[in-house]
Amino acid sequence: MAASADVVLDALGDRTRRAILEKLAAGPIPVGVLADQLPVSRPAVSQHLRVLKGADLVVESVAGTRRLYRVNQSGLQVVRDYFDRFWETALDNFAIFAEGSKDEP
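Note that the sequence shown covers residues 4 to 108 in my numbering.
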């Protein structure tokens, strides 16, 4: 079951978690490599990954003795759907405005 928009947006509300997600966009990365690329400790990266995983934004796989994390594209769909509602409303309102201004001299 996909996480709710509230859970996903809360997870993305943290700058470090957004940085982790951006780094994972390039492909699967182990925790140690992520920790080397960020100004936080390895345990902190693990905690952030736990939150992102709970929000269905990342998935974990095992490769030998390493745990690799990657972006969960289906988890991002919740965010897309959430913002698409606002975008569609804005476009609908613009269309109504544009149609209404045609009638004005």
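A virtual CB, placed ideally from N, CA and C, is assigned to each residue, including glycine. Computed from a prediction, not measured in an experiment: that's the story for all the values here.
Ranked by how close their Cα comes to the Cα of residue 73, the residues 9, 96, 16, 20 have 20 in first place. Per the coordinates, the alpha-carbon of residue 63 lies some 28 Å from the alpha-carbon of residue 87. Cα atoms of residue 60 and residue 94: separation of roughly 28 Å, rounded to the nearest angstrom.
Burial is judged here by how many other beta carbons sit within 10 angstroms of a residue's own beta carbon; residue 99 has fewer than 16 and is exposed. About 5 Å separates the CB atoms of residue 81 and residue 8; that is less than 8 Å, so the two are in contact. Between residue 36 and residue 45, the C-beta gap is not smaller than 8 Å, which leaves the two residues out of contact.
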